[in-house]
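Trainee: Numbered by UniProt numbering, the letters in the sequence shown go through residues 1 to 366 in order.
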Amino acid sequence: MSEAAVPDALVSPAVGGLYGEKAVGPAVDFSYVGIDAILEQMRRKAMKQGFELNIMVVGQSGLGKSTLMNTLFKSKVSRKSVLATAQEKIPKTIEIKSISHDIEEKGVRMKLTVIDTPGFGDQINNENCWQPIMKFINDQYEAYLQEEININRKKRIPDSRVHCCIYFIPPTGHCLRPLDVEFMRRLSKVVNIVPVIAKADTLTLEERDFFKKKIREELRANGIDVYPQKEFDEDAEDRMINEKIREMIPFAVVGSDQEYQVNGRRLLGRKTKWGTIEVENIAHCEFAYLRDLLIRTHMQNIKDITSSIHYEMYRVRRLNENNTMVAHANGIPDLAVTVPPPCPCWVQTSLKIPNYTRHCLIIEIS
Ligand SMILES: Nc1nc2c(ncn2[C@@H]2O[C@H](COP(=O)(O)OP(=O)(O)OP(=O)(O)O)[C@@H](O)[C@H]2O)c(=O)[nH]1
Ligand SMILES: [Mg+2]
Numbered sequence: 001m002s003e004a005a006v007p008d009a010l011v012s013p014a015v016g017g018l019y020g021e022k023a024v025g026p027a028v029d030f031s032y033v034g035i036d037a038i039l040e041q042m043r044r045k046a047m048k049q050g051f052e053l054n055i056m057v058v059g060q061s062g063l064g065k066s067t068l069m070n071t072l073f074k075s076k077v078s079r080k081s082v083l084a085t086a087q088e089k090i091p092k093t094i095e096i097k098s099i100s101h102d103i104e105e106k107g108v109r110m111k112l113t114v115i116d117t118p119g120f121g122d123q124i125n126n127e128n129c130w131q132p133i134m135k136f137i138n139d140q141y142e143a144y145l146q147e148e149i150n151i152n153r154k155k156r157i158p159d160s161r162v163h164c165c166i167y168f169i170p171p172t173g174h175c176l177r178p179l180d181v182e183f184m185r186r187l188s189k190v191v192n193i194v195p196v197i198a199k200a201d202t203l204t205l206e207e208r209d210f211f212k213k214k215i216r217e218e219l220r221a222n223g224i225d226v227y228p229q230k231e232f233d234e235d236a237e238d239r240m241i242n243e244k245i246r247e248m249i250p251f252a253v254v255g256s257d258q259e260y261q262v263n264g265r266r267l268l269g270r271k272t273k274w275g276t277i278e279v280e281n282i283a284h285c286e287f288a289y290l291r292d293l294l295i296r297t298h299m300q301n302i303k304d305i306t307s308s309i310h311y312e313m314y315r316v317r318r319l320n321e322n323n324t325m326v327a328h329a330n331g332i333p334d335l336a337v338t339v340p341p342p343c344p345c346w347v348q349t350s351l352k353i354p355n356y357t358r359h360c361l362i363i364e365i366s
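In structure tokens, the structure reads:
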């Protein structure tokens, strides 16, 4: 086909055509295929669809979970979209509750959902107190799975899966409590856990550094893999960035939803007799690092790991269960159904999941 015979509609957007003006001017590079234009197509699609992120907060009563979520909404994440409200006291959380917030910035829409939970481990006997949280997380996976396997499924499945669980550690300055270890060990197998030291303004800088180091050691000793998990680093660059985060975890945070005027600037802070603790100031606390990890640098990765690791394990296990039930109903003995062993997170043992997780992912069940 001669050059003149190319229909207009086929002219690459990169040289005009579909969206722009007809190409005039500099000679076209004939070796150019236009593969890079896929990025623009993906960007347009993502802008239209918007983004969703579901964050859960868990921890002992009074550690500032609800306050921190308000801080997150009112901080630079969504300051523009939050109307000034009367300064009311945050009530005690008594049930698991989801609050969604639509945020728009530079034409990008995001639905941020926070799942607030009541004080965890407040009873005299705290055995199995992690179960309601585990159930909530699994219920969301189940809802997604049911929609996914529906014959007439929605084009876009509503995603209520918990992408990340922020676990609040009390600022004791000593070490993790057995309850903290138990919760994180069990839950880190089904959801991305981001531990934080609550009310960090109650610790001196030395205490804070010591406590952070101690917690990291204890997590390691107990085989608890919190987000960003080493196992899921994709390449050397990923590893380098995530290693820095792993060295900082757990973030020592301070929360507040009260705005103050300091040196002519309006900011979120906690006013004390000796000054104002600015929650977004990294010299005062590590809230900004937490926010950046969740929203600015790792949001897509947090969602990808939820979908390709945690949800996938749930899906494989549930479909295996169904297959086994059908086989039993048809009188087929167990051996005829070749199913992999159930995922460790499901039998809820304290085993550390080895690379075996990845093997689960490639098992397709027809
Ligand atoms: N010093 C200090 N106090 C805080 C901080 N964050 C919250 N508080 C205060 O701690 C109290 C409890 O805060 P909440 O946010 O209701 O705590 P919660 O964890 O949601 O409590 P429950 O709903 O009972 O589980 C409130 O008086 C807050 O103002 C913080 O970072 N530092
Ligand atoms: Mg609360």
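Even glycine gets a Cβ: it sits at the ideal position worked out from N, Cα and C.
Nothing here was measured: the structure is a model prediction, and the numbers come from that model.
What does a CB cutoff of less than 6 Å around F211 pick up in its chain, not counting 5 residues either side in sequence?
Mentor: G173
Trainee: Quick test of the definition: if touching needs 3 or more C-beta pairs under 8 Å, does the region 221–241 touch the region 179–186?
Mentor: yes
Trainee: Please report the residue range of the beta strand (DSSP E) in which F51 lies.
Mentor: Where F51 is concerned, the enclosing beta strand (DSSP E) starts and stops at 51–59.
Trainee: Measuring from the CB of D180, is there a heavy atom of ligand 1 at a distance below 7 Å?
Mentor: Answer for D180: no, Cβ out of range of ligand 1.
Trainee: Going by beta carbon distance, what residues of the same chain come within less than 7 Å of R266, once the five residues before and after it are set aside?
Mentor: E259
Trainee: In or out: S66 buried (at least 16 other Cβ within 10 Å) or exposed?
Mentor: buried
Trainee: Just curious, the alpha helix (DSSP H) that V181 is in, first and last residue?
Mentor: 178–187
Trainee: Within 7 Å: the Cβ of K65 and any heavy atom of ligand 2?
Mentor: For ligand 2, at least one heavy atom lies less than 7 Å from the Cβ of K65.
Trainee: Is the beta carbon of R270 within less than 7 Å of some heavy atom of ligand 1?
Mentor: Taking 7 Å as the cut-off, the C-beta of R270 counts as close to a heavy atom of ligand 1.
Trainee: So if DSSP puts L267 in a beta bridge, which residue, or which two residues, is it bridged to?
Mentor: Y260
Trainee: Run through DSSP, which three-state label would Y167 get?
Mentor: strand
Trainee: In whole angstroms, what is the alpha-carbon distance linking S256 and L268?
Mentor: 6 Å
Trainee: The beta strand (DSSP E) that contains I193, what's its start and end?
Mentor: 193–197
Trainee: Grab me the residues of K154's own chain with a C-beta within less than 7 Å of its C-beta, minus the 5 sequence neighbours each way, in chain order.
Mentor: E147
Trainee: In the DSSP output, which residue or residues are listed as bridge partners for S31?
Mentor: Partner(s): none; S31 has no beta bridge.
Trainee: Are three or more beta carbon pairs between the region 104–120 and the region 129–136 nearer than 8 Å?
Mentor: yes
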